[in-house]
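Asks: Just so we're aligned, residue 8 is where the sequence shown starts under the working numbering, counting upward by one. Even glycine gets a Cβ: it sits at the ideal position worked out from N, Cα and C. Below you will find the structure I want to go over with you.
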Amino acid sequence: MSFNVDERGYYGNFGGAFIPEMLYPNVEELRSRYLDIIAEPSFQEEFHALLKDYVGRPTPLFKAERLSGKYNTNIYLKREDLCHTGAHKINNTIGQILVAKRLGKSKIVAETGAGQHGVATATVCALMGMECIVYMGAIDIERQAPNVARMRMLGAHVVPATSGSKTLKDATNEAMRHWINHPVDTHYIIGSVVGPHPYPDMVARFQAVISEEIRFQLQEKEGRDYPDYVIACVGGGSNAAGAFYHFLDEPRTALIAAEAAGLGVNSGHSAATTFLGKPGVLHGSKSLSMQTEDGQVIEPYSISAGLDYPGIGPMHAHLFESGRATFYGVTDEEALVAAVECSQLEGIIPALETAHALAVFERLQAKPNEIVVVNVSGRGDKDLATYQNRLKLND
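Spelled out as structure tokens, the structure:
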């Protein structure tokens, strides 16, 4: 069974491109050219030079000795939080803005939830001298104020999405509408492995640098190039796609995805798509999404803005349906406990998104001789206000 995209843009039963007619020329231009553009030697040279000298790759693979001791196994943390801008998101925005330049685009539109993708997009637009518009849910603008300030400092225009739940889903809707109305000069930098083909595949390819590095870093540290487990949080799923990519066909590696169960999977306040979703089309591709009986999108909930999304990317829907990956639902409270544990045992304050991935050690029951790699997708600075409030750090 293949876990990569096929020539039609499908992962098993999921994927494709379901788009308005007005958007077809843009998506078709991208679909027909992205593989050739990415394969160009000049593209690869510029991409990898920026990853090295601007992003700061390779990011460290850190042996978390105290977490390893507590859970009686070998836990490594892949430090994507140490990337420039503080999250893995910039791997993809570097790649996509180079694609946009080669397509002759002069303007960029994007959406963001936690603000990590928005900051990464604003950063590369500043670097390349391109106009940048970022749509962000009005609620997310309130709870991720530091990242909003960073985007504006970088010269981006942040537009509040005030419809629906005023979170990531609505920001994505608004960004797509903007692209439909500005099809000639604008490239849409999607931040996750969602959207119409070729976005899920293109984003996964740019994020695959994460698992590529894990392979050679484990070879150096442990004498083998695969872990027994790779763990990553999944909202849309870009950091998980990157962490899983080079292990998709490695049967010795179990793929573990942590979804946001919010106040509880069946509480009515959750974003655990594989538990609550069913097949349908959302934001241009067929995948699993949370819907009512008549197909209306259910508003998701998570303490983490980056996981507050009612669907998952088609790659992850296929990994779930095929059984290649195991999905866990992690509640807000479990994520907060894991965030404190990582902070106080390892001196690393994780993003709330990452905290969901760190919360599955107890359920994993890894053996003492096994190797567990967790992708630390972002740093917790952006979530400090939530941590202060929920953990009563100022009392």
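1. Can you give the Cα-Cα distance for A332 and V165, rounded to whole angstroms?
2. Indicate whether the contact test is met: 3 or more Cβ pairs, each with one atom in the region 229-236 and one in the region 149-164, closer than 8 Å.
3. Select from K374, A265, V216 the residue whose C-alpha is nearest the C-alpha of N99.
4. If I measure Cβ to Cβ from K389 and keep anything under 8 Å in the same chain, skipping five residues before and after, which residues do I get?
5. By Cβ distance below 6 Å, which residues in the same chain neighbour L255 in space, the five residues on each side in sequence not counted?
6. Considering only the beta carbon of each residue, do A178 and E118 sit closer than 8 Å?
7. With a 10 Å radius around its C-beta and 16 neighbouring C-beta atoms as the bar for buried, classify N188 as buried or exposed.
8. With H194 as the anchor, note down where its beta strand (DSSP E) starts and where it stops.
9. Are V344 and Y236 close, meaning C-beta to C-beta below 8 Å?
10. Using DSSP's beta-bridge definition, name the partner residues of R86.
11. Looking at the secondary structure, which residues open and close the alpha helix (DSSP H) in which K176 lies?
12. Exposed or buried, which one is P207 when buried takes at least 16 other CB atoms within 10 Å?
13. Helix, strand or coil for P153? Go by DSSP, reduced to three states.
14. When you compare the region 242-250 with the region 366-383, are there three or more beta-carbon pairs, one atom per stretch, that lie closer than 8 Å?
15. Going by CA-CA distance only, name the one from R86, I44, A211 that's closest to T66.
16. Residues in its own chain within less than 6 Å of V210 by CB, not counting five upstream and five downstream?
17. Should E369 be counted as a contact of the ligand NAD given a C-beta to heavy atom distance under 7 Å?
18. How would you label V191, buried or exposed, when you count the other beta carbons within 10 angstroms and need 16 or more for buried?
19. May I ask you to report which of helix, strand or coil DSSP gives M160?
20. Considering only their Cβ atoms, is the gap separating G111 from H91 smaller than 8 Å?
21. With DSSP collapsed to three states, give me the class of T119.
22. In chain order, what residues of the same chain lie with their CB nearer than 6 Å to the CB of A261, ignoring the 5 residues before and after it?
23. Please classify G249: does DSSP put it in a helix, a strand, or coil?
24. Would you say the region 270-284 touches the region 140-147, given that touching needs at least three Cβ pairs under 8 Å?
25. Assuming L30 is part of the beta strand (DSSP E), what are its boundary residues?
26. Identify whether S39 lies in helix, strand or coil by the three-state DSSP scheme.
27. Indicate the three-state DSSP secondary structure (helix, strand or coil) for T333 in the structure shown.
28. Taking a contact to mean a Cβ-Cβ separation below 8 Å, would you say P317 touches I305 in this structure?
29. For K59 and E53, what's the separation of their Cα atoms in angstroms?
30. Name the residue from E369, R397, L42, C349 whose alpha carbon lies nearest to the alpha carbon of R73.
Replies: Here's the rundown:
1. As a first step, residue 332 is located in the sequence shown; it is residue number 325 there, counting from the start. As a first step, residue 165 is located in the sequence shown; it is residue number 158 there, counting from the start. Those two C-alpha atoms are separated by around 36 Å.
2. Too few Cβ pairs lie closer than 8 Å, so no.
3. Residue 99 sits at position 92 when you count from the first residue of the sequence shown. Residue V216 is the option with its Cα nearest to N99.
4. Within the sequence shown, numbered from 1, the residue matching residue 389 stands at position 382. G93, A121, G122, Q123, Q151, P153, N154, A358.
5. One-based indexing of the sequence shown puts residue 255 at position 248. Cβ neighbours of L255 beyond the five flanking positions: F10.
6. Your numbering for residue 178 matches position 171 in the sequence shown. Your numbering for residue 118 matches position 111 in the sequence shown. Cβ distance < 8 Å, so A178 and E118 count as in contact.
7. For this step, residue 188 is matched to residue 181 along the sequence shown. Classification of N188: exposed, given that the 10 Å Cβ count is below 16.
8. Position 187 of the sequence shown, counting from 1, holds the residue named residue 194. Membership of H194 in the beta strand (DSSP E) is indicated by the continuous run 193-196.
9. Counting from one through the sequence shown, the residue named residue 344 turns up at place 337. Counting from one through the sequence shown, the residue named residue 236 turns up at place 229. Not in contact: V344 and Y236 (Cβ atoms no closer than 8 Å).
10. Along the sequence shown, read from residue 1 onward, the residue named residue 86 stands at position 79. Paired residues: V383.
11. By one-based count along the sequence shown, residue 176 stands at place 169. Residues 175-188.
12. Here residue 207 is taken as the residue at index 200 of the sequence shown, counted from 1. So P207 counts as buried.
13. Position 146 of the sequence shown, counted from the first residue, corresponds to residue 153. Helix.
14. Segments in contact, yes.
15. Counted from its first residue, the sequence shown places residue 66 at position 59. R86 is the residue among R86, I44, A211 whose C-alpha sits nearest the C-alpha of T66.
16. Residue mapping note: residue 210 aligns to position 203 of the sequence shown, counting from 1. If we look at V210 and ignore the five residues flanking it on each side, its Cβ neighbours are N99, V200, S245.
17. In terms of ligand content, the structure shown is empty, and the ligand NAD therefore cannot be addressed.
18. On the sequence shown, residue 191 is found 184 positions in, with the first residue counted as 1. By the 10 Å Cβ count, V191 comes out exposed.
19. The residue labelled residue 160 in the question sits at position 153 within the sequence shown. M160 falls in the helix class under three-state DSSP.
20. Mapped onto the sequence shown, residue 91 falls at position 84. Mapped onto the sequence shown, residue 111 falls at position 104. Contact flag unset, no.
21. Position 112 of the sequence shown, counted from the first residue, corresponds to residue 119. T119 falls in the strand class under three-state DSSP.
22. Residue mapping note: residue 261 aligns to position 254 of the sequence shown, counting from 1. Contacts found: Y236.
23. Stepping through the sequence shown from its first residue, residue 249 is reached at position 242. Residue state, collapsed to three classes: helix.
24. Contact fails: fewer than three Cβ-Cβ distances are below 8 Å.
25. Residue 30 sits at position 23 when you count from the first residue of the sequence shown. No beta strand (DSSP E) contains L30, which DSSP labels as neither H nor E.
26. Translated into positions along the sequence shown, residue 39 becomes position 32. Three-state result, S39: helix.
27. By 1-based counting over the sequence shown, the position of residue 333 is 326. Three-state DSSP puts T333 in a strand.
28. As a working mapping, residue 317 is identified with position 310 in the sequence shown. As a working mapping, residue 305 is identified with position 298 in the sequence shown. Yes, the pair counts as a contact, with Cβ atoms nearer than the cut-off.
29. For the purposes of this step, residue 59 is identified with residue 52 of the sequence shown, where counting begins at 1. For the purposes of this step, residue 53 is identified with residue 46 of the sequence shown, where counting begins at 1. When rounded, the distance between both Cα atoms is 10 Å.
30. Reading the sequence shown from its first residue, position 66 is the one you call residue 73. Closest option to R73, Cα to Cα, is C349.
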